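Worksheet: the structure to be examined is printed underneath.
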Amino acid sequence: MGKRITDKVTWVGKVDWELKKFHGDEFSTHRGSSYNSYLIRDKKTVLIDTVWLPYDKEFVNKLKKEIDLREIDYIVANHGEVDHSGALSALMREIPGTPIYCTANAVKSLRGQYHEDWNFVTVKTGDTLEIGDSTLTFIEAPMLHWPDTMFTYMSGENILFSNDGFGQHYASESLYNDTVDAGELMAEAIKYYANILSPFSPMVTRKIKEILGMNLPLAMICPSHGVIWKENPAQIVEKYLEWAADYQENQVSIVYDTMWNATRKMAEAIADGIREADPSVTVKLFSASKTDKTDIVTEVFRSRAVLMGSPTVNNGYLYAIAGILELIRGAKLKKKKAAAFGSYGWSGE
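Here you go:
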């Protein structure tokens, strides 16, 4: 069943406790995740986003228990990725013709994925939809993290439905940030940012400043993954601005792989040397072949310096290190010191 957030807004999503990998095998979700969908009841009824495709029938059946589907006047698709749009086909078979409000890029995405010419209504930043006492304002947010992404702001309730922005892969029976473990929540929030949004940090900064410039009162931020930011929602906005500004902590990460333990010994010696030179620095070592790659990228994101170590193989470096380097390249991290080290022999010396 749904969970009431305010008198007008109900959470109707899906908590995925068993999810351990996301985006194929790219992102680890040690604490599961959720696919958040929201039902707004004013003079008009609006559904914001749906859930991942494997749960489409479950979603529609539970939604039927919450409301007569024919009472849904509008659907808002903040983002076309399948974890948010996966139940659209099943839903539209029940209520064909229902207008779907989304960006022009989302129309392309949804048509390309589902091969349906639904009743799309294209919106852009500043467009509004009157639904009764409240008004929905649409805010395009391209590359946070797809080109089709937008946020939707609900006046009166003062809620920002931010889709992937401000999200976390964090399954919880509780809906709100002030009712879960704060350390776990922030760990998942920074992990999400580091691995998904960090390549687009300049856009994150611009978009947040644009929204702040709109002077919208903010009571809650309702993302499409994880918990709702109800208690002091500005805290995650401030964190995003901090993370987007070439973020670094007083930490050094050493990432290595090893063949016969020579490179491992070098990594440990380097770590000891850093600790001796400056005991205030947090030094973390990661085996690239044994440690979760998403967690490694998160720790590199936190660091002010990173060292990569590998022995040689066929005139190159080990596969696990190559993969981590590609992930770090994709994250587009800036203003971090970097160095490489390793042992050799399989390179023709």
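Every position in the sequence shown, counted from 1, becomes a number in the numbering used here once 977 is added. Note that beta-carbon positions come from the ideal geometry of N, C-alpha and C, so glycine has one too. Every value quoted in this text rests on a predicted model; they were computed, and no experiment measured them.
| If we ignore side chains and look at the alpha-carbon of each, how far apart do residue 1160 and residue 1122 end up? | 24 Å
| query | Are the beta-carbon atoms of residue 1043 and residue 1127 separated by less than 8 Å? | reply | no
| query | For residue 1201, which of helix, strand or coil comes out of DSSP? | reply | coil
| said: Checking 8 Å against the spacing of the C-beta atoms, do residue 1055 and residue 1129 come in under that value? | reply: yes
| field | alpha helix (DSSP H) segments (min. 4 residues) lying fully within the stretch 1073-1158 | value | 1081-1091
| Taking Cβ to Cβ, would you say residue 1005 is nearer than 8 Å to residue 1271? | yes
| Alpha carbon of residue 1096 to alpha carbon of residue 1072, nearest angstrom | 11 Å
| field | Of the residues 1266, 1199 and 1317, the one placed nearest residue 983, counting alpha carbons only | value | 1199
| request: For residue 1281, name the three-state secondary structure that DSSP assigns. | output: coil
| message | Measuring alpha carbon to alpha carbon, tell me which residue in 990, 1019, 1238 and 1280 is nearest residue 1031. | response | 990
| request: With DSSP as the reference, label residue 1271 as helix, strand or coil. | output: helix
| message | Going by DSSP in three states, residue 993 sits in which element: helix, strand or coil? | response | strand
| task | Would you identify the three-state DSSP class for residue 1196, choosing helix, strand or coil? | result | coil
| When 1138, 1323, 1273 and 1023 are compared against residue 1167, the one with the closest alpha-carbon | 1273
| message | Please identify the residue among 1149, 1285 and 1216 whose C-alpha is closest to the C-alpha of residue 1233. | response | 1285
| Beta-carbon proximity list for residue 980, same chain, < 7 Å, skipping 5 on both sides | 987, 988 and 1152
| Who are the near neighbours of residue 1207 in its chain, counting only those whose CB is closer than 7 Å to its CB and skipping five residues on each side? | 1153, 1154, 1155 and 1197
| task | Determine the burial state of residue 1202: buried for a count of at least 16 other Cβ atoms within 10 Å of its Cβ, exposed for fewer. | result | buried
| task | Determine the contact status of residue 1077 and residue 1052, defining contact as a CB-CB distance below 8 Å. | result | yes
| message | Any heavy atom of the ligand ADP closer than 7 Å to the beta-carbon of residue 1066? | response | As far as ligands go, the structure on display features none, and thus does not contain the ligand ADP.
| said: Tell me the DSSP secondary structure of residue 1212 in three-state form. | reply: helix
| said: Using the three-state DSSP reduction, which class does residue 980 fall into: helix, strand or coil? | reply: strand
| For residue 1251, which of helix, strand or coil comes out of DSSP? | helix
| query | How many angstroms separate the CA atom of residue 1103 from the CA atom of residue 1074? | reply | 25 Å
| query | Which term fits residue 1105, buried or exposed, when burial requires 16 or more other beta carbons within 10 angstroms of its beta carbon? | reply | exposed
| Taking the C-alpha atoms as reference points, what is the distance between residue 1038 and residue 1140? | 23 Å
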